[in-house]
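Structure record follows, encoded as C-alpha cells.
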Amino acid sequence: MNFPFTLPENRKFDVVGFGTNAVDYLIQVPEYPSFNSKIELSEYIQAAGGEVATTMVGLQRLGLKTLYVGRFGDDQEGDFGLRSLSEEWVDISFTEQIKGARTQIAFIVIDRRSGERTIIWQRDKLLAYDEKDAPTEAAALGKVLHFTPHDARACLQMARKAKAEKTIVSVDVDNVFDGIEELLPHVDILISSSDFPEKITGIKDQKESLRELTARFGCKIVGMTLGEKGSLILCENEFIETSGFEVPNDCQDTTGAGDAFRVGLLYG
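Read in order, the letters of the sequence shown correspond to residues 43 to 310 in my numbering.
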C-alpha cells in the first residue's frame, strides 16, 4: 500500500501524539468469572498504557523520534506514567501534571484461555483539554500528528494547525464523541474499531461503511481493526484485507494489540 500523500520534511519529530495516557492494572484470570462469584487471579501487573502514549513508545522503539502531548495527574500513577515515557526516550516537553487531578487508570481483566479482555476505566475531567487550551504550538512539530478524539474540540484546533502546516493528520477512534463530525474532515488517516464506521454512518456492511466515511469526510485512508480476524483498510478506492494470524502457544493477552497495529501502520 502506498500512502496517497507526501510527508513534510525538516520537522523536529517524526510523529507527535496528542491524547490519552493511562496506568493499566492487568489482572489475568484462568477464566472470566461469573456474576457474584470469586476467583483467584493468575497474574497481576501494573503497566503504562493509553492509546496514544503506547503508540508513541512503539514508534520510538522502531527508531522514530516522537513527542507525546498530554496530561497526567499529580499522583503516583502520574509519576509512573511520565517515567515510563522518558525511559523510552519519548519527548515529554509538552506533557503536564495537573494539580489535584488523578491519572487515568484502567483495570483490565484478561481471560487466560483466549487472551480476550474486559476494560474498566476512569478519566478525571481535570485532565481534559478544551479548544482554548489546546497546545497548538506542538501540532506541526512532527511529520504526522496522531491523536484520539476524546477532547474533540481541542483536537480540532490541533488538526487545523497541523493541516495549515501540511502535517499529516491521523486519528485512532472507537466511539462517536461530541464534535467528531466537524473534526474528521481535517483527518488524512482514520483507523477505528470494527463498530465505529457503522455507529457514525448507520451502514452495517463494513466495506460500504468505509466507502461512506471516505465520501463524507474526505479521509485518504480509512480502516478498521477486526480483532483475531485481522484488519480492513480502504486506500484510493482499493480494499486491503489482512487476515489475523496464529500466535505460537496461543494468545495470552490481547491488550495493546490495536495500538501495535497503529504503530505498524504509521511506521510504514
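Beta carbons: idealized from backbone N, C-alpha and C, even for Gly. This one's a predicted model, so the numbers in the text were calculated from it and none came from an experiment.
On a Cα-Cα basis, can you pick out the residue from the options that is closest to residue i?
i      : options                           : result
Phe189 : Ile81, Asp153, Ser156 and Leu226  : Leu226
Lys271 : Gly260, Phe303 and Lys246         : Phe303
Gly148 : Phe219, Pro46, Glu224 and Gly91   : According to the sequence shown, residue 148 is Ala rather than Gly. Measuring from the Cα of Ala148, the nearest candidate turns out to be Gly91.
Glu51  : Ala206, Val218, Ile263 and Gly184 : Gly184
Phe136 : Leu106, Val58 and His228          : Val58
Thr145 : Pro46, Glu129, Trp163 and Glu130  : Trp163
Arg53  : Phe77, Lys262, Leu106 and Phe60   : Leu106
Thr96  : Leu276, Glu158, Thr48 and Glu129  : Glu129
Pro46  : Leu255, Ile263 and Ser285         : Ile263
Leu68  : Phe77, Glu158 and Gln118          : Glu158
Ser156 : Asp56, Leu49, Phe219 and Gln70    : Gln70
Glu85  : Leu255, Cys261 and Ile150         : Ile150
Thr48  : Thr62, Ser234, Asn63 and Lys205   : Lys205
Whole angstroms is fine: what's the gap from residue i's alpha carbon to residue j's?
i      : j      : result
Phe122 : Val65  : 8 Å
His192 : Pro75  : 30 Å
Gln199 : Ala176 : 7 Å
Gln248 : Leu232 : 14 Å
Arg154 : Thr160 : 12 Å
Val111 : Ile152 : 29 Å
Gly120 : Pro239 : 33 Å
Asp166 : Ile140 : 10 Å
Leu307 : Glu138 : 28 Å
Leu101 : Ser212 : 14 Å
His228 : Leu124 : 29 Å
Asp230 : Arg113 : 25 Å
Gln88  : Ala257 : 42 Å
Ile210 : Val305 : 15 Å
Arg253 : Glu280 : 10 Å
Glu278 : Phe259 : 14 Å
Ala201 : Leu83  : 43 Å
Asp216 : Glu73  : 26 Å
Met266 : Asn78  : 35 Å
Asp214 : Phe60  : 11 Å
Glu93  : Phe219 : 16 Å
Cys197 : Lys80  : 42 Å
Ser234 : Glu207 : 25 Å
Asp117 : Asn63  : 14 Å
Glu288 : Glu224 : 39 Å
Can you find the residues in the same chain that come closer than 7 Å, C-beta to C-beta, to residue i, ignoring five residues on each side of it along the sequence?
i      : result
Lys203 : Thr178, Ala181 and Ala182
Arg195 : Asp172, Glu173 and Gly221
Val132 : Met98, Val99, Gln102, Thr108 and Tyr110
Ile134 : Tyr110, Leu124, Leu127 and Ser128
Leu276 : Leu252, Arg253, Thr256, Val264 and Gly265
Please list, in chain order, all residues of the same chain as residue i whose beta carbon is under 6 Å from its beta carbon, the five residues on each side excluded.
i      : result
Glu283 : Leu274
Leu268 : Ser236
Ala143 : Gly115, Asp166, Leu168 and Leu169
Ser251 : Pro239, Glu240, Thr243 and Ile245
Leu104 : Tyr309
Ser285 : Gly272
Beta strand (DSSP E) containing residue i: first to last residue?
i      : result
Cys277 : Ser273 to Cys277
Ala64  : Ala64 to Val71
Glu283 : Glu280 to Thr284
Phe45  : Taken as a continuous stretch (DSSP letters only), Phe45 belongs to no beta strand (DSSP E), as it is neither H nor E.
Thr178 : Taken as a continuous stretch (DSSP letters only), Thr178 belongs to no beta strand (DSSP E), as it is neither H nor E.
Gln139 : Glu138 to Ile140
Span of the alpha helix (DSSP H) holding residue i?
i      : result
Val94  : Glu93 to Arg103
Phe60  : Counting along the chain, Phe60 falls outside any alpha helix (DSSP H), though it belongs to the beta strand (DSSP E) covering Phe55 to Phe60.
Ile222 : Ile222 to Leu225
Phe259 : Gln248 to Phe259
Arg202 : Ala194 to Ala206
Phe269 : The identity of residue 269 in the sequence shown is Gly, whereas the question assumes Phe. Taken as a continuous stretch (DSSP letters only), Gly269 belongs to no alpha helix (DSSP H), as it is neither H nor E.
Ile242 : Phe238 to Thr243
Using C-beta distances below 8 Å, list every residue in its chain close to residue i, excluding the 5 sequence neighbours before and after it, in chain order.
i     : result
Asp56 : Leu101, Leu106, Lys107, Thr108, Gly184, Lys185 and Val186
I'd like to know whether the C-beta of residue i is nearer than 8 Å to at least one C-beta of chain B.
i      : result
Leu307 : Looking at the structure shown, chain B is missing, and only one protein chain is on hand.
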